[in-house]
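Asks: One structure follows; several queries about it will come next.
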Amino acid sequence: MAFISTLLPIALYLPFLYLHLWLLAAILFLTQGGQAIAALIMVLVPAESVPPQFSATAIALSTLVGEIIGATIAPAAGGAMAEQFGLGMPLWMAAASTVVLFLVALFIREPGNLQARRAPEPTAVPAD
């Protein structure tokens with residue numbers, strides 16, 4: 000779903016979609032569905048990748064990179080690309096970055112349930 004929701008803005012570049020408003024509405028709905036997945040990714044992946052005492056720091060760094068830096072650099076870069084190459088270029092760059100991030104995500108190692116691995120072994124209690 001996240002991969003689809005990040006590629007769909009390119010579909011907005013197709014002029015025939017504006018003739019079919021229900022199709023356009025469906026694309027916009029699916030595009031916004033990626034925001035719900037982003038919240039899970041920004042919290043669960045960092046929290047499970049580090050020891051419990053560092054989970055707040057990992058979530059904060061993920062938020063810093065994703066929201067603060069992305070919200071300041073992306074509009075400026077998109078505006079510069081649109082001015083230099085046309086309005087379609089920021090959408091193509093977003094699609095290219097999505098493909099790159101998808102390929103990177105294929106190689107992320109799943110840490111598994113760290114809490115289960117850290118849990119102490121149960122001790123045997125003698126039967127009465």
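Residue 107 in numbering that gives the first Met the number 0 sits at position 108 of the sequence shown; the count goes up by one each step and never skips.
Just so you know, even glycine gets a beta-carbon here, dropped at the ideal spot from N, CA and C.
Please read these numbers as outputs of a predicted model, since none were measured by experiment.
#1: Just curious, the alpha helix (DSSP H) that P74 is in, first and last residue?
#2: Sort L100, G78, A10, I9 by Cα distance to G65 and report the nearest one.
#3: Between F28 and the rest of its own chain, which residues show a CB-CB distance below 6 Å, the 5 nearest in sequence each way excluded?
#4: Excluding the five sequence neighbours on either side, which residues of its own chain have a C-beta within less than 8 Å of the C-beta of A57, listed in chain order?
#5: Does the structure place the region 74-82 close enough to the region 15-30 that three or more beta carbon pairs sit under 8 Å?
#6: Thinking C-alpha only, which one of I40, S54, L90 is nearest I107?
#7: To the nearest angstrom, how far is it from the Cα of L7 to the Cα of P51?
Replies: Inspection of the coordinates gives the following:
#1: Segment 69-84, the alpha helix (DSSP H) holding P74.
#2: The candidate whose alpha carbon is nearest that of G65 is L100.
#3: Non-local beta-carbon contacts of F28 in its own chain, meaning distances under 6 Å to residues more than five positions away in sequence, are absent.
#4: Excluding five sequence positions before and after A57, the CB atoms of its chain that fall closer than 8 Å to its own CB belong to P45, A46, S48, V49, given in chain order.
#5: Proximity of the region 15-30 to the region 74-82 falls short of the contact definition, fewer than three beta-carbon pairs being nearer than 8 Å.
#6: Looking at I40, S54, L90, the one whose alpha-carbon comes closest to that of I107 is I40.
#7: L7 and P51 have their C-alpha atoms spaced approximately 36 Å apart.
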